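Remarks on the structure that follows.
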Amino acid sequence: MNARLEVRLSGPLLDRIDLHVEVPAVPWEDLASPASAVTSAVMRGRVLAARVVQDQRYAGIPHCRSNADLAGGLFEEHCALGRNERAFMEQSVKSLALSARAYTRVLRLARTVADLEGEDHIRIEQLAEAVNCRVLDRERL
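Residue numbering for the sequence shown is 4 to 144, as defined by the working numbering.
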C-alpha cells in the first residue's frame with residue numbers, strides 16, 4: 004500500500020471498510036484472451052439469487068435486510084461456524100491480529116459469499132476468500 008495513504012488510515016478506520024483488495028495491472032495476454040466463462044449476466048443472476056435468499060432469511064426482522072445489517076443474536080445465528088471453520092478463523096484472527104470489528108466483517112462477507120454460492124452454511128473456502136479481501140490487515144503486520 005502507498006506509504007502516504009497508510010499513515011492517514013488508522014486501524015479503527017480500516018476496520019470499518021469491508022473489502023480491501025489490491026487490483027494489480029492486468030497483463031496484455033490476459034486482456035487479449037477470450038472472455039471469462041463468468042459473464043456479467045451470470046454474475047448478476049447470482050447476486051439477485053443471493054438477494055432473494057437474504058430477503059427470505061430476514062423477512063419480518065426489523066432493520067435487517069441483508070447480511071450487512073446482521074448484529075447481535077442474528078449475527079451469531081446466521082454466521083455460525085462449524086468446528087473446522089472456527090479453528091480456521093481462530094488462526095486467521097491470531098496471525099493477522101484482526102480486531103473484533105474486522106472479525107465480524109470477515110464473517111458477514113463469508114456469509115455473503117456462501118449466499119452467492121448457494122450454500123446454507125459458511126465453509127472454510129468462503130472464510131478464506133473473505134480473509135483474503137482484508138489485504139490491508141495483512142500488510143499492517
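In this text, a Cβ means the ideal position worked out from N, Cα and C, and glycines have one as well.
Only a predicted model underlies this, so the values are computations on that prediction, with no experimental measurement involved.
Pairwise C-alpha distance: Asp33 and Leu119: On the sequence shown, residue 119 is found 116 positions in, with the first residue counted as 1. On the sequence shown, residue 33 is found 30 positions in, with the first residue counted as 1. Separation of Leu119 and Asp33 (C-alpha to C-alpha, rounded to the nearest whole angstrom) is 25 Å.
From this set, Gly75, Ala83, Ala53, Glu80, which residue's C-alpha is nearest Ser69's C-alpha? Within the sequence shown, numbered from 1, the residue matching residue 69 stands at position 66. If we check each option's Cα against that of Ser69, Ala53 comes out closest.
Name the residue from Ser43, Ala113, Glu122, Gly121 whose alpha carbon lies nearest to the alpha carbon of Glu132. On the sequence shown, position 129 is the one that residue 132 refers to. Scanning Ser43, Ala113, Glu122, Gly121 for the CA closest to the CA of Glu132 turns up Ala113.
Using 8 Å for Cβ pairs, my map puts Val109 next to Arg137. What's the rounded Cβ distance? Locating residue 109 in the sequence shown gives position 106, where the first residue counts as 1. Locating residue 137 in the sequence shown gives position 134, where the first residue counts as 1. Yes, they are in contact, since the Cβ atoms of Val109 and Arg137 sit about 6 Å apart, within 8 Å.
Tell me, to the nearest whole angstrom, how far the beta carbon of Leu51 is from that of Met92; I am working on the premise that it is less than 8 Å. Against the sequence shown, residue 51 aligns to sequence position 48. Against the sequence shown, residue 92 aligns to sequence position 89. In this structure Leu51 is not in contact with Met92, their Cβ atoms being roughly 29 Å apart against a cut-off of 8 Å.
If we ignore side chains and look at the alpha-carbon of each, how far apart do Asn87 and His23 end up? Locating residue 87 in the sequence shown gives position 84, where the first residue counts as 1. Locating residue 23 in the sequence shown gives position 20, where the first residue counts as 1. Roughly 25 Å between the two C-alpha positions.
Quick one: Cα of Arg19 to Cα of Leu101, how far? Within the sequence shown, residue 19 is the residue found at index 16, counting from 1. Within the sequence shown, residue 101 is the residue found at index 98, counting from 1. CA-to-CA, the gap between Arg19 and Leu101 works out to about 12 Å.
Arg126 (DSSP reduced to helix, strand or coil): The residue labelled residue 126 in the question sits at position 123 within the sequence shown. Coil.
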